[in-house]
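Below is one structure, written out as structure tokens; the observations come after it.
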Amino acid sequence: MVRCRHAFVREQVLAVSGVLCIGPIYVDVNCLAFPCEDGLPIEVETIGRDYEVVPGGSAVNFARFGRRLGLSTILAGKIGTDAFGDLLSGMLRDADVGLALKVDTSAVTDVGINFVAPSGASVMAVAGTASDALTGAELAGIVEEHESKISYVYLGGGFKLPGLLEDLLSVVKPLQARG
Numbered sequence: 002m003v004r005c006r007h008a009f010v011r012e013q014v015l016a017v018s019g020v021l022c023i024g025p026i027y028v029d030v031n032c033l034a035f036p037c038e039d040g041l042p043i044e045v046e047t048i049g050r051d052y053e054v055v056p057g058g059s060a061v062n063f064a065r066f067g068r069r070l071g072l073s074t075i076l077a078g079k080i081g082t083d084a085f086g087d088l089l090s091g092m093l094r095d096a097d098v099g100l101a102l103k104v105d106t107s108a109v110t111d112v113g114i115n116f117v118a119p120s121g122a123s124v125m126a127v128a129g130t131a132s133d134a135l136t137g138a139e140l141a142g143i144v145e146e147h148e149s150k151i152s153y154v155y156l157g158g159g160f161k162l163p164g165l166l167e168d169l170l171s172v173v174k175p176l177q178a179r180g
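First residue of the sequence shown? That's 2 in this note's numbering, and the numbers climb one at a time after it.
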């Protein structure tokens with residue numbers, strides 16, 4: 002019997018019980034086909050036309066696209082109590098991503114502003130404090146709460162969270178011990 006390669010891949014994807022996705026999470030404002038081939042000039046208003054507002058960050062993208070492929074994904078991260086935090090959690094719920102988000106009243110939800118030229122060249126800026134405020138203890142609590150549902154861990158952009166790197170190995174140790 003000949004099996005379609007794509008059907009086989011889909012069966013393998015569905016066999017995974019869950020992927021915990023860890024990393025900075027953003028509301029991305031992508032300015033598309035923006036005239037920024039040579040960067041953005043200082044103190045000059047540069048006008049573009051099209052933009053999109055989407056959830057962003059490597060862990061977020063993996064969780065969203067993995068979910069579309071049928072994976073069970075759990076996104077671990079932190080947001081603030083601001084409008085961007087509400088927007089981000091709503092967009093992720095709409096994408097059917099499992100959420101393990103900590104909400105911090107003193108943090109500002111991260112936002113990425115990306116200017117993308119027609120050639121694909123881009124200028125990127127990020128602001129916010131929420132992602133960097135996620136602690137090892139909070140992540141350990143998320144792992145403990147969802148441990149039975151986690152088969153794999155995806156670390157997206159983790160090197161952008163230096164405060165979390167120190168605790169990361171001890172946090173995932175229970176998952177390693179389980180195999």
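Glycine included, each C-beta is placed from N, C-alpha and C at the ideal position.
Supposed close pair residue i, residue j - CB separation, criterion 8 Å
| i | j | result |
| --- | --- | --- |
| Asp95 | Lys79 | Not a contact, Cβ separation roughly 20 Å. |
| Ile114 | Ala60 | The pair is not a contact, with the Cβ atoms about 19 Å apart (cut-off 8 Å). |
| Gly57 | Val28 | 7 Å |
| Val144 | Pro175 | 7 Å |
| Asp51 | Ala77 | Not confirmed; about 32 Å, so no contact. |
| Ala118 | Glu38 | 5 Å |
| Leu165 | Leu140 | 7 Å |
CA nearest to the CA of residue i, picked from the options
| i | options | result |
| --- | --- | --- |
| Val173 | Ile151, Val98, Val109 and Arg69 | Ile151 |
| Pro25 | Arg50, Ala64 and Gly49 | Ala64 |
| Glu167 | Leu135, Ile48, Arg179 and Glu146 | Leu135 |
| Gly137 | Ile43, Ala126, Leu169 and Ala131 | Leu169 |
| Asp83 | Phe160, Thr110 and Ala141 | Thr110 |
| Gln177 | Gly164, Ile43 and Ser149 | Ser149 |
| Val54 | Arg179, Phe116, Pro163 and Leu165 | Phe116 |
| Pro36 | Ala141, Gly164, Val124 and Glu139 | Val124 |
| Lys103 | Ala118, Asp133, Ala122 and Ser120 | Asp133 |
| Asn62 | Leu165, Arg179, Leu89 and Ile43 | Leu89 |
| Leu142 | Ser171, Arg179 and Ala122 | Here residue 142 turns out to be Gly, not Leu, going by the sequence shown. Ranking Ser171, Arg179 and Ala122 by Cα distance to Gly142 puts Ser171 first. |
Inter-residue Cα distance where the pair is residue i and residue j
| i | j | result |
| --- | --- | --- |
| Cys32 | Leu41 | 13 Å |
| Leu72 | Val98 | 10 Å |
| Gly67 | Ser18 | 12 Å |
| Gly129 | Lys161 | 13 Å |
| Gly158 | Val30 | 18 Å |
| Val112 | Ala131 | 10 Å |
| Ala8 | Thr74 | Its pLDDT being 45, under 50, Ala8 is placed unreliably in this model, and the coordinates cannot settle the point. |
| Met92 | Ala108 | 19 Å |
| Gly81 | Ile48 | 30 Å |
| Leu100 | Glu146 | 12 Å |
| Ser120 | Phe85 | 29 Å |
| Leu70 | Glu44 | 44 Å |
| Ala122 | Glu46 | 19 Å |
| Arg179 | Asp87 | 35 Å |
Cross-strand partners of residue i (DSSP beta bridge)
| i | result |
| --- | --- |
| Phe116 | Cys32 and Val124 |
| Cys22 | Leu76 and Tyr155 |
| Glu53 | Asn31 |
| Asp105 | Gly81 |
Interface flag, residue i vs chain B, CB-CB below 9 Å
| i | result |
| --- | --- |
| Ala118 | This model lacks chain B altogether; it includes just one protein chain. |
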